[in-house]
Each structure stands twice: as C-alpha cells, then as structure tokens.
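According to the working numbering, the residues represented by the sequence shown are 166 to 549, in order. Below: one structure, written as structure tokens.
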Amino acid sequence: MSWNDILGQEKQKEVLRRAIRLGRLPNAYLFIGQEGVGKEATALEVAKTLNCDSSDALDNAEACGVCDSCQKFADLAHPNLELVFPVEGVLLEPISESGSKREKQEEALEKLKRLYDEKRRNPYFTMQMDKAMGILTRQIEILIDKSVFKPSGNKKRVFVLSQAERMNAEAANKLLKLLEEPPPYVLFILISSRPEQLLPTIVSRCQPIRFSSLSVEQLADGLRRRFPDRSESDIMFAARFARGNFLYAQKVLSDSSAKELRDKALNFLRYALSPSKQLELMREIEDLARRSRDEQLQTLLATLLFFQDAARFLATKSESVVVNQDALDAVKRFAQNFPTADFIEIDREIEHARYALSRNANPTLTFAALAIRLKSLIRNEALV
Ligand SMILES: [Zn+2]
C-alpha cells in the first residue's frame with residue numbers, strides 16, 4: 166500500500182502530504198465522506214508515513230514501505246498505531262476463567278482476529294462487529310492511558326477512530342477532554358460518514374478533510390488493478406453498481422452472491438406489491454431476517470439500485486443508463502407500470518432502513534415496515 170494505491174482523492178492527499186512535509190499537522194483531523202471512498206486507507210498511509218524509518222520519509226511525505234516500521238504498519242501491529250472502532254463489550258472485560266462468558270470472549274476474539282486479517286488484505290475494509298454497541302467508554306479510557314507514552318524520536322502516535330459517530334456520550338466527553346489538551350506527539354484522526362452525529366465541540370477541535378465519492382472510472386481502475394483476471398463487463402457492472410464505494414465494488418465483483426441478493430431484492434419488491442402474495446412476502450422477509458447483517462444491507466442496496474434504474478430509465482428512455490443490464494426487462498416493466506412512483510421518497514425510505522439495520526434494528530420489523538411504505542409510495546397494486 167502506498168499513496169498511489171489510494172484511488173482518486175488527489176486534492177485530499179496533497180493537503181495531507183503538504184502538512185507532513187511542512188511539519189504542520191493539526192492535533193486532530195476529521196475525515197468525512199461516504200463509506201468505501203478510502204478514508205481509513207488514507208489515515209493508515211498518514212500514520213505509516215509519519216513513522217517510517219527512512220530519513221527522507223517526512224521530506225517527501227512518502228513511506229519507504231520496506232523498513233521495520235513500515236512492515237509493522239502493513240501488519241497493523243505498530244505500537245504507535247491505535248485503531249479504535251465499535252467492538253463487542255465482552256472484549257473489554259477481564260478474561261473469564263471458564264464458563265459461557267469465557268466462550269463468548271473467545272468467540273469475539275476470533276471475530277476480531279478475522280477483522281484484522283481482512284483489513285490487512287484490504288485497507289478499504291471497514292472493521293465492525295455485528296453485536297457492537299458502539300465505541301465504548303473503556304476504549305477511550307485505554308486511549309487516554311496510552312496517550313501518556315511519548316514515542317521515540319520525532320515519531321507520532323496516531324489514534325484512528327473509525328465510525329467516530331458511534332461513540333457513546335460518555336466516551337465522547339472523555340475524548341473531548343483529551344482533545345482539549347492533546348499531547349503534541351499524538352495525531353488524532355476521526356473518521357465518519359455521519360459527522361452530523363458527532364458532538365459539535367469535538368468537530369470544532371478537528372481539521373475537516375472531505376473525501377469525494379469515487380467515479381465509475383476510478384472504481385473500474387481500482388478493480389482492474391485488484392482483479393486483473395476479470396472481464397471488462399464484470400468490472401463495469403461492479404463499478405456502476407457500487408455507487409462510488411470501492412469496498413462495495415470489490416464485494417460485488419468477488420462475491421457470487423451479489424446477483425443472488427439482487428434477485429432476492431426483486432422478489433421482495435414483487436411480493437410487496439402483490440396483494441395475493443402476502444404469504445410469500447412473509448417467507449421472503451423471514452429468510453432475509455435469518456441472513457447476515459451484511460447480506461441484509463446488500464439486499465437493501467440492490468433494491469435501491471433497482472429503483473434508481475427505473476427512475477433513470479423513465480427520465481431518459483435509454484437502456485444504456487440501466488445498471489441492472491441483466492434485469493433490463495424487470496426495470497422497463499416497472500417503469501411502465503409505475504411511472505408516477507415517488508422515487509425520491511422511496512430512496513429516502515430505503516436509506517432509512519439501511520441505517521436502522523446497520524444500527525442493529527430488528528430485521529423482520531424493518532423489512533416488513535419497508536414493504537408497507539414502499540407499496541404506498543409506488544401507489545399501485547400491479548406486479549413488478
Ligand atoms: Zn519505511
């Protein structure tokens with residue numbers, strides 16, 4: 166991984182590298198932008214550059230990639246790097262000797278290990294645990310303890326707080342205290358796709374860097390580099406399907422279930438719109454509720470993209486704008502049957518359901534409520 170491997174974000178990278186070259190880093194950055202655009206990958210590159218052993222690393226704002234420090238960054242095991250993200254509470258409690266709690270802890274540790282493995286392979290990966298209740302007070306207390314130790318040389322300790330908006334109120338207030346009197350050798354990088362949910366007092370202590378959505382071309386470029394064996398048509402499907410999110414683009418391309426989940430989304434819609442298929446709808450929702458959170462979110466995204474295809478097709482009457490090329494008939498049929506659907510409100514409802522699920526809402530209730538709302542927004546009872 167190097168600056169070159171971070172897709173797009175040229176202006177953002179230059180602002181950061183100039184600050185490194187001039188030695189004019191703020192105490193804290195806030196990286197803002199939708200998921201999968203490279204905020205964490207960039208934060209790691211900043212941290213790696215600041216700690217590289219090569220003598221001209223700071224002057225060039227470029228890590229060598231081979232020294233001992235850079236190797237430790239590649240392993241995400243550098244002592245000057247702290248990665249904070251929502252984890253399960255059991256991980257922060259003292260290890261139990263035995264019993265069911267011990268089992269839960271071992272299970273959670275195993276999950277944590279897998280997250281780190283994935284993050285090492287793919288810096289765009291977002292580490293999160295399904296059962297996490299957010300960033301907990303104890304995690305910030307640990308940071309406070311660690312902030313006491315000054316690193317050797319003129320290196321920097323870098324505290325990366327991913328999904329920072331998921332800090333609970335107590336944790337946020339503790340972090341605020343630390344940000345009010347930050348040790349000069351610590352760089353905080355807060356990362357958030359929902360900065361409006363952060364305490365304004367925290368935001369005001371950070372220098373914001375806004376990351377852009379990636380273009381279809383940038384995504385396709387990244388996919389070609391990572392998956393040189395894949396066909397151009399597969400790459401373009403994933404690049405269009407991913408809506409500016411490189412993490413999701415990779416998933417669509419490497420995961421054969423992407424199309425299967427898309428078809429589930431179409432079934433969900435078809436049943437939701439048909440009064441005679443309510444039993445099938447319930448079965449579909451039950452099946453979705455049993456799937457992983459990730460698959461549930463993907464299904465919702467596929468639903469969203471289907472509507473966007475229908476809206477684009479209605480507006481342009483052009484088949485080439487449709488992302489779901491292999492479901493072109495369904496898109497056209499929908500556009501013909503429901504030309505007056507409220508696409509803006511539909512978009513909002515699906516995003517709302519995605520947000521609720523990502524915050525551990527009950528999946529059965531979320532999908533059932535969505536089915537009812539979509540039905541009225543589409544305002545018709547015919548089949549998709
Ligand atoms: Zn190095």
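Just so you know, even glycine gets a beta-carbon here, dropped at the ideal spot from N, CA and C.
* Asked: Less than 6 Å between the CB of Asn219 and some heavy atom of ligand 1, yes or no?
  -> Asn is not the amino acid found at residue 219; the sequence shown has Ser there. Ser219 Cβ: within cutoff of ligand 1.
* Asked: What do you reckon, is the C-beta of Ala560 under 6 Å from a heavy atom of ligand 1?
  -> Limits of the chain in this structure are 166 at one end and 549 at the other, which puts residue 560 out of reach.
* **Leu530, buried or exposed, once every other Cβ within 10 Å from all chains shown has been counted against 16** => Exposed, by the Cβ-count rule.
* Asked: Sorry if obvious, but does the Cβ on Ala206 come closer than 6 Å to a heavy atom of ligand 1?
  -> Checking the 6 Å criterion, the Cβ of Ala206 is out of range of every heavy atom belonging to ligand 1.
* Kindly indicate which three-state DSSP category Leu493 falls into: helix, strand or coil? => Three-state result, Leu493: helix.
* Asked: Among residues of its own chain, excluding the 5 on either side of Ala184, which ones have a beta-carbon nearer than 7 Å to its beta-carbon?
  -> Taken in chain order, the residues that qualify are Leu190.
* Asked: Residues bridged to Ile374 by DSSP?
  -> In the DSSP output, where bridge partners are listed per residue, Ile374 has Phe196.
* Indicate, with yes or no, if ligand 3 has a heavy atom lying under 6 Å from the CB of Ala228. => Inclusion of ligand 3 in the displayed structure is not the case, the ligand content consisting of ligand 1 alone.
* Go ahead and pull the three-state DSSP assignment for Leu340. => In the structure shown, Leu340 falls within a helical segment according to DSSP collapsed to helix, strand and coil.
* Asked: Hey, which unbroken runs of the beta strand (DSSP E) at 3 residues or more fall wholly within the segment 212-269?
  -> For the segment 212-269, whole beta strand (DSSP E) runs of length 3 or above, ordered along the chain, are 246-249.
* Asked: Between the C-alpha atoms of Ile511 and Glu445, what's the straight-line distance to the nearest angstrom?
  -> Approximately 22 Å, taken between the alpha carbons.
* Would you call Ala334 buried or exposed, if buried means 16 or more other Cβ atoms sit within 10 Å of its Cβ? -> Within a 10 Å sphere around the beta-carbon of Ala334 sit fewer than 16 other beta-carbons, which makes this residue exposed.
* Can you give the Cα-Cα distance for Leu548 and Ala526, rounded to whole angstroms? -> Model confidence at Leu548 stands at a pLDDT of 38, short of 50, so the residue's coordinates are unreliable and nothing is read from them.
* Going by other Cβ atoms of all chains shown within 10 Å of its Cβ, with 16 needed for buried, is Asn107 buried or exposed? -> Nothing about residue 107 can be reported from this structure: the residues present for the chain run from 166 to 549 only.
* If you drop the 5 nearest sequence neighbours on each side, which residues of the same chain put their C-beta closer than 7 Å to that of Arg375? -> So the list reads Ile197, Gly198, once near-sequence residues are dropped.
* Asked: Where does the unbroken alpha helix (DSSP H) through Arg183 begin, and where does it stop?
  -> Unbroken alpha helix (DSSP H) run through Arg183: 175-187.
* **heavy atom of ligand 1 below 6 Å from Ser234 C-beta** => The beta carbon of Ser234 sits closer than 6 Å to at least one heavy atom of ligand 1.
* With distances taken Cα to Cα, identify the nearest neighbour of Leu418 among Asp428, Arg391, Arg477, Ala430. => Comparing Cα positions, the closest option is Arg391.
* Give the secondary structure of Val488 by DSSP, where H, G and I count as helix, E and B as strand, and everything else as coil. => The answer is coil: DSSP assigns Val488 none of H, G, I, E or B.
* Range of the contiguous alpha helix (DSSP H) that encloses Leu462 -> Where Leu462 is concerned, the enclosing alpha helix (DSSP H) starts and stops at 458-481.
* Is the beta carbon of Lys276 sitting closer than 7 Å to the one on Met294? -> The Cβ-Cβ distance between Lys276 and Met294 falls below 7 Å.
* To do: Would you please state the rounded distance, in angstroms, between the beta carbons of Thr214 and Ala206? I believe it to be under 8 Å.
  => The Cβ separation is near 13 Å, so there is no contact.
* Asked: Are the segment 433-447 and the segment 394-407 touching, with three or more C-beta to C-beta distances below 8 Å?
  -> Taking a cut-off of 8 Å on C-beta distances, the segment 433-447 does not touch the segment 394-407, as fewer than three cross pairs fall below it.
* Asked: In or out: Met332 buried (at least 16 other Cβ within 10 Å) or exposed?
  -> Residue environment for Met332: buried (at least 16 other C-beta atoms within 10 angstroms of its C-beta).
* Which partner residues does Phe324 have in the DSSP bridge list? -> Under the DSSP definition of a beta bridge, Phe324 partners with Glu247, Phe353.
* According to DSSP, is Met298 helix, strand or coil? -> Looking at Met298 - three-state DSSP - the assignment turns out to be coil, as it is neither helix nor strand.
* Asked: If you draw a straight line from the C-alpha of Ala228 to the C-alpha of Ser261, how long is it?
  -> Their backbone Cα atoms lie some 41 Å apart in a straight line.
* To do: Could you give the DSSP three-state label for Met332: helix, strand or coil?
  => Of the three classes helix, strand and coil, the one that applies to Met332 here is strand, per DSSP.
* **Pairwise C-alpha distance: Glu253 and Pro348** => Rounded to the nearest angstrom, the two C-alpha atoms are 28 Å apart.
* Boundaries (first-last residue) of the alpha helix (DSSP H) holding Pro365 -> Per DSSP, the continuous alpha helix (DSSP H) segment holding Pro365 begins and ends at 365-368.
* Asked: Taking just the CA atoms, how far does Asp233 sit from His557?
  -> This structure cannot speak to residue 557, because the chain is shown only from 166 to 549.
* Do you know offhand how far Val231's Cα is from Leu209's? -> Taking the straight line from one Cα to the other gives about 15 Å.
* Please state if the CB of Ala193 and the CB of Arg322 are separated by a distance shorter than 7 Å. => No, they are not a contact pair.
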